[in-house]
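Engineer: Quick one: the structure is below, questions incoming.
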Ligand SMILES: [Zn+2]
């Protein structure tokens with residue numbers, strides 16, 4: 113790949129993004145226009161997008177801590193139309209073989225499924241990441257849960273992480289602010305959608 117960076121879009125799915133969703137993140141509708149701008153920019157500049165997708169089974173253990181959400185195949189599990197590229201590919205949360213490289217090669221969007229807050233629980237994630245620059249612009253929901261886990265996991269792996277602060281939303285404002293500070297202390301840079309899309 114020739115471009116210097118990738119975009120990383122966290123869990124922009126109906127159950128989190130839409131008021132009718134079962135785990136609605138209050139600030140989510142306010143970031144949709146920025147998500148649209150980021151996806152458009154990625155498409156126009158051929159920047160690969162990695163997207164995580166919460167993908168639960170019925171009676172998932174996580175539903176003891178959170179309301180039922182993002183059950184695989186349900187409407188709530190779908191991405192917003194603006195965060196779904198036409199030629200995307202899905203990497204399930206089970207170990208893939210050597211065909212993985214071919215499967216993701218040249219795709220504008222690789223959707224990595226997960227059943228936990230931390231996307232790095234998907235056994236394919238490090239294999240996927242081998243094929244991209246170690247420079248990520250990160251956005252999505254929710255700031256203090258899955259965005260935080262992604263940012264810290266990427267930093268631990270030595271990635272440059274630019275957190276797009278006007279394209280993330282928190283469940284709890286205060287916890288969101290605390291998490292942004294924690295991500296900053298872990299070496300993440302804070303940027304805006306305009307900064308990322310005006311290079
Ligand atoms: Zn979940």
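Residue numbers (our numbering): 113 to 311. All C-beta atoms, glycine included, are put in the ideal place defined by N, C-alpha and C.
(1) Among the candidates 263, 127, 292 and 224, whose CA atom is the shortest distance from the CA of residue 202?
(2) Can you tell me whether residue 121 sits near ligand 1, meaning its C-beta is under 7 Å from at least one heavy atom of the ligand?
(3) Going along the chain, which residues of its own chain have a beta-carbon closer than 8 Å to the beta-carbon of residue 159, five neighbours each way excluded?
(4) For residue 302, is the classification buried or exposed, using 16 other Cβ atoms within 10 angstroms of its Cβ as the cut-off for buried?
(5) Would DSSP call residue 215 helix, strand or coil?
(6) Please say whether residue 274 and residue 249 have beta carbons closer to each other than 8 Å?
(7) Who are the Cβ neighbours of residue 132 in its own chain at under 6 Å, not counting the five residues just before and after it?
(8) Please state whether DSSP places residue 114 in a helix, a strand or coil.
(9) Is residue 260 buried or exposed, if buried means 16 or more other CB atoms sit within 10 Å of its CB?
(10) Taking the beta carbon of residue 276 as the centre, do at least 16 other beta carbons fall within 10 Å, making it buried, or is it exposed?
Structural biologist: With the given structure in hand:
(1) Taking the first residue of the chain shown as position 1, residue 202 is located at position 90. Minimum Cα distance to residue 202 is reached at 224.
(2) Taking the first residue of the chain shown as 1, we reach residue 121 at position 9. Exclusion of residue 121 from the 7 Å shell around ligand 1 follows from its C-beta lying no nearer than that to any non-hydrogen atom of the ligand.
(3) As a working mapping, residue 159 is identified with position 47 in the chain shown. 115, 117, 118, 119 and 153, listed in sequence order.
(4) Residue 302 sits at position 190 when you count from the first residue of the chain shown. Of the residues assessed, residue 302 falls on the exposed side of the cut-off, its CB having fewer than 16 other CB atoms within 10 angstroms.
(5) As a position in the chain shown, residue 215 is number 103, starting the count at 1. Correct three-state label for residue 215: helix.
(6) Counted from its first residue, the chain shown places residue 249 at position 137. Counted from its first residue, the chain shown places residue 274 at position 162. Less than 8 Å divides the Cβ of residue 249 from the Cβ of residue 274.
(7) Against the chain shown, residue 132 aligns to sequence position 20. Cβ within range, chain order: n/a, list empty.
(8) Residue mapping note: residue 114 aligns to position 2 of the chain shown, counting from 1. Residue confidence is low: residue 114 scores 43 on pLDDT, short of 50, so the model does not pin down where it sits. No coordinate-derived value is stated.
(9) Numbered from its first residue, the chain shown carries residue 260 at position 148. It counts as buried.
(10) The count along the chain shown starts at 1 and reaches residue 276 at position 164. So residue 276 counts as buried.
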